[in-house]
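Trainee: Position one of the sequence shown corresponds to residue 1 (the numbering used here), numbered consecutively onward.
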Amino acid sequence: MVRRWCEAPVQLPPLPHPGQRVALAKAFGCARVVFNDGLRARVDAHAVGLPYVSDGELSKRVITEARRPPERSWLGEVSAVVLQQALADLNTAYRNFFASVTGRRKGPKVAPPRLRSRKDTRQAIRFTRNARFSITPSGKLRLPKIGDLAVRWSRALPVEPSSVTVVKDAAGRYFASFVVEVAEQPLPQVEPEAGIDLGLTAFAVLSNGRKIGSPRFLRRAEKKLKRLQRALSRKQKGSNNRAKARLAVARQHAKVADARLEFRHRQSTKLIRDNQAIYVEDLAVKGLARTRLAKSVHDAGWSSFVTMLEYKARMHGRVFHRIDRWFPSSKLCSECGALAESMPLKVREWTCPCGAIHDRDVNAAKNILAAGRAERLNACGAQVRPGPAPAQREEAGSHRGAA
């Protein structure tokens with residue numbers, strides 16, 4: 001069984017009616033207040049040298065006791081589960097921070113929790129089974145103290161959800177994301193395996209020579225975005241017209257993000273369906289995002305695409321493997337194994353001393369496929385020592401930075 005979010009959160013079309021929007025706004029605000037109160041309580045305790053406030057004590061202080069005074073009675077107008085889940089988010093943020101500080105959490109360092117702002121363009125609340133949310137026979141989402149919300153279902157839920165998160169995004173749209181337990185769904189075995197070289201000229205190049213073009217959604221929308229952002233900059237701060245202009249910009253950005261997400265889902269699903277094993281290079285996206293290619297790198301969205309390949313491979317019984325980012329896939333001849341001394345980005349086609357003529361990206365994809373197969377066999381205990389390859393003149397070996 002795999003616990004996961006629905007891949008495509010369902011939308012609440014076109015908008016909840018005014019009374020429901022007010023109820024949702026109250027829930028967003030109360031959850032934010034409880035989160036901030038809990039954070040302040042722990043920060044203040046730390047500042048005066050008191051022990052860390054436990055989860056139970058914090059819940060009693062900022063929820064149970066906080067609702068009793070008349071000036072805070074409005075906390076009782078929303079489901080208590082929403083408030084408890086806001087504190088659960090705070091506790092998770094603290095655990096992640098402590099694990100990062102002590103070195104138990106791998107990856108980039110995690111900052112301590114910070115206060116939530118009512119001006120944030122994205123607001124979210126979560127209901128668990130304790131809240132007794134339900135799907136009505138007519139297909140509406142029934143939430144406590146909010147009502148029955150009309151839903152535009154993208155597909156039926158496979159099983160009963162364990163929780164639902166209602167999100168309002170920057171474009172003013174409402175979404176409901178469900179957590180469900182789903183069984184693995186193995187696909188029929190197929191023969192092909194694919195090495196994938198991700199790039200900017202082509203979004204992805206496969207080891208069989210197929211190239212997936214780069215849609216460049218942000219680049220295509222830049223002209224309209226510039227016009228909308230110029231209009232926004234001319235509006236007076238705090239005015240209704242500025243709020244309308246900001247919403248127009250957010251909707252255009254949402255349209256770009258939705259198109260990019262749809263493209264990645266389609267391509268990742270097709271690759272997983274058509275190949276038994278997928279091998280990709282572990283790209284240093286953060287480093288590339290600090291170069292002059294930053295906008296194109298972010299527009300390509302390699303990281304989320306690779307993440308989709310990984311979880312879809314796990315769900316459908318396929319093999320997924322990442323190749324070391326220092327592997328010189330572009331400089332290595334896929335025919336004889338010779339390593340070129342240098343390979344500037346402007347070189348799109350090159351000829352090896354052995355006579356092989358290579359397309360830079362296709363050659364890299366072939367090398368990724370070969371390296372992925374070798375590492376996979378090595379993990380199974382098989383002999384994968386490569387055969388002899390001619391050494392480069394005046395070069396005894398390659399450094400880790402030679403990719």
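Cβ atoms here follow ideal geometry from the backbone N, Cα and C, with glycine treated the same way.
Contact between the stretch 218 to 226 and the stretch 251 to 263: three or more CB pairs below 8 angstroms?
Mentor: Counting Cβ pairs under 8 angstroms, three or more are found: they touch.
Trainee: Mind checking which residues open and close the alpha helix (DSSP H) that includes T307?
Mentor: For the purposes of this step, residue 307 is identified with residue 307 of the sequence shown, where counting begins at 1. Start and end: W302 to M315.
Trainee: If you draw a straight line from the alpha carbon of R95 to that of K224, how long is it in whole angstroms?
Mentor: Against the sequence shown, residue 95 aligns to sequence position 95. Against the sequence shown, residue 224 aligns to sequence position 224. Going by the C-alpha atoms only, they are around 43 angstroms apart.
Trainee: From the DSSP secondary-structure annotation, give me the bridge partner or partners of Y174.
Mentor: If you number the sequence shown from 1, residue 174 lands on position 174. Paired residues: K168.
Trainee: Entirely within the stretch 131 to 164 and at least 3 residues each: give me those beta strand (DSSP E) ranges in chain order.
Mentor: List check, beta strand (DSSP E) in window: 141 to 143 and 147 to 149.
Trainee: Tell whether a beta-carbon distance below 7 angstroms holds between L232 and R251.
Mentor: Position 232 of the sequence shown, counted from the start, is the residue given in the question as residue 232. Position 251 of the sequence shown, counted from the start, is the residue given in the question as residue 251. Contact flag unset, no.
Trainee: Any idea what DSSP makes of H321, helix, strand or coil?
Mentor: In the sequence shown, the residue the question calls residue 321 occupies position 321. It is a strand residue.
Trainee: If I follow the unbroken alpha helix (DSSP H) through D89, where does it start and stop?
Mentor: On the sequence shown, residue 89 is found 89 positions in, with the first residue counted as 1. Its alpha helix (DSSP H) spans residues A80 to T102.
Trainee: Which residues mark the beginning and the end of the alpha helix (DSSP H) in which L406 is found?
Mentor: Any answer about residue 406 is impossible in this case: the structure gives the chain only from 1 up to 403.
Trainee: Taking 8 angstroms as the threshold, find out whether the stretch 357 to 371 comes into contact with the stretch 183 to 199 through three or more Cβ pairs.
Mentor: With a cut-off of 8 angstroms, the stretch 183 to 199 and the stretch 357 to 371 count as touching, because enough Cβ pairs lie within range.
Trainee: Once the 5 residues before and after L149 are set aside, which same chain residues still bring their CB inside 7 angstroms of it?
Mentor: Against the sequence shown, residue 149 aligns to sequence position 149. Around L149: L12, P16, Q20, K140, L141 and L143.
Trainee: Starting from A23, trace the alpha helix (DSSP H) both ways and give me its first and last residue.
Mentor: Residue mapping note: residue 23 aligns to position 23 of the sequence shown, counting from 1. Looking at the DSSP string, the run of the alpha helix (DSSP H) that includes A23 is P18 to A47.
Trainee: Tell me whether G49 is buried or exposed, calling it buried when 16 or more other Cβ atoms sit within 10 Å of its Cβ.
Mentor: The residue you call residue 49 lines up with position 49 of the sequence shown. G49 should be labelled exposed.
Trainee: Could you pull the start and end residues of the alpha helix (DSSP H) that I272 belongs to?
Mentor: Reading the sequence shown from its first residue, position 272 is the one you call residue 272. Where I272 is concerned, the enclosing alpha helix (DSSP H) stretches over N240 to D274.
Trainee: I want to see whether chain B comes within less than 7 angstroms of L339, judged by CB atoms only; does it?
Mentor: Although the question refers to chain B, the structure presented lacks it and comprises just one protein chain.
Trainee: Distance, Cα to Cα, R152 vs L309?
Mentor: Here residue 152 refers to the residue found at position 152 of the sequence shown. Here residue 309 refers to the residue found at position 309 of the sequence shown. In a straight line, the C-alpha of R152 is about 27 angstroms away from that of L309.
Trainee: What are the boundary residues of the beta strand (DSSP E) that includes K119?
Mentor: Taking the sequence shown and counting its residues from 1, one reaches residue 119 at position 119. Taken as a continuous stretch (DSSP letters only), K119 belongs to no beta strand (DSSP E), as it is neither H nor E.
Trainee: Below 7 angstroms CB to CB, which residues in the same chain sit around N36 once its five sequence neighbours on both sides are set aside?
Mentor: Numbered from 1 along the sequence shown, position 36 holds the residue referred to as residue 36. If we look at N36 and ignore the five residues flanking it on each side, its Cβ neighbours are L115 and R116.
Trainee: At the level of alpha carbons, what is the spacing between H321 and D359?
Mentor: In the sequence shown, residue 321 corresponds to position 321, counting from 1. In the sequence shown, residue 359 corresponds to position 359, counting from 1. Computed Cα separation, rounded: 23 angstroms.
Trainee: Are K145 and S79 touching if we call contact CB-CB under 7 angstroms?
Mentor: Here residue 145 corresponds to residue number 145 of the sequence shown, with the count starting at 1. Here residue 79 corresponds to residue number 79 of the sequence shown, with the count starting at 1. Result yes, Cβ atoms of K145 and S79 sit closer than 7 angstroms.
Trainee: Over the uninterrupted alpha helix (DSSP H) stretch that includes D282, give me the two end residues.
Mentor: Within the sequence shown, numbered from 1, the residue matching residue 282 stands at position 282. Counting along the chain, D282 falls outside any alpha helix (DSSP H), and DSSP gives it neither H nor E.
Trainee: Could you tell me the alpha carbon to alpha carbon distance between S268 and K331, rounded to whole angstroms?
Mentor: If you number the sequence shown from 1, residue 268 lands on position 268. If you number the sequence shown from 1, residue 331 lands on position 331. One C-alpha to the other measures close to 27 angstroms.
Trainee: Are the stretch 294 to 308 and the stretch 161 to 180 touching, with three or more C-beta to C-beta distances below 8 angstroms?
Mentor: The stretch 294 to 308, when compared against the stretch 161 to 180, does not touch it at the 8 angstroms Cβ threshold.
Trainee: For N241, is the classification buried or exposed, using 16 other Cβ atoms within 10 angstroms of its Cβ as the cut-off for buried?
Mentor: In the sequence shown, counting from the first residue as 1, residue 241 sits at position 241. So N241 counts as exposed.
Trainee: Considering only the alpha carbon of each residue, which of P51, G56, S100 and A365 lies closest to L87?
Mentor: Mapped onto the sequence shown, residue 87 falls at position 87. Among P51, G56, S100 and A365, the Cα nearest to that of L87 belongs to G56.
Trainee: Where do the N-terminal and C-terminal ends of the beta strand (DSSP E) with A111 fall, by residue?
Mentor: By 1-based counting over the sequence shown, the position of residue 111 is 111. Taken as a continuous stretch (DSSP letters only), A111 belongs to no beta strand (DSSP E), as it is neither H nor E.
Trainee: Mapping the DSSP letters down to three states, classify A350 as helix, strand or coil.
Mentor: Taking the first residue of the sequence shown as position 1, residue 350 is located at position 350. Per the sequence shown, the amino acid found at residue 350 is Trp instead of Ala. Correct three-state label for W350: strand.
Trainee: Please look up how many angstroms separate the CB atoms of D361 and V205, rounded, as I've assumed it's under 8 angstroms.
Mentor: Counted from its first residue, the sequence shown places residue 361 at position 361. Counted from its first residue, the sequence shown places residue 205 at position 205. At roughly 4 angstroms, the Cβ-Cβ gap stays under 8 angstroms, so D361 and V205 are in contact.
Trainee: Just list the residues that DSSP pairs R126 with in beta bridges.
Mentor: Residue mapping note: residue 126 aligns to position 126 of the sequence shown, counting from 1. The partner list for R126 (beta bridge, DSSP) reads T165.
Trainee: Which residues in the same chain as Q276 place their Cβ atom closer than 8 angstroms to its Cβ, once the five residues preceding and following it in sequence are excluded?
Mentor: Position 276 of the sequence shown, counted from the first residue, corresponds to residue 276. Excluding residues within five positions, the ones whose Cβ falls inside 8 angstroms are Q189, V190, E191, P192, E193, R318 and V319.
Trainee: With DSSP collapsed to three states, give me the class of K237.
Mentor: For this step, residue 237 is matched to residue 237 along the sequence shown. The answer is coil: DSSP assigns K237 none of H, G, I, E or B.
Trainee: Please report how far the alpha carbon of V180 lies from the alpha carbon of V62, in whole angstroms.
Mentor: Translated into positions along the sequence shown, residue 180 becomes position 180. Translated into positions along the sequence shown, residue 62 becomes position 62. Between V180 and V62, the C-alpha separation is close to 30 angstroms.
Trainee: Which residue or residues does DSSP assign as beta-bridge partners of A374?
Mentor: Working through the sequence shown from its first residue, we reach residue 374 at position 374. In the DSSP output, where bridge partners are listed per residue, A374 has none listed.
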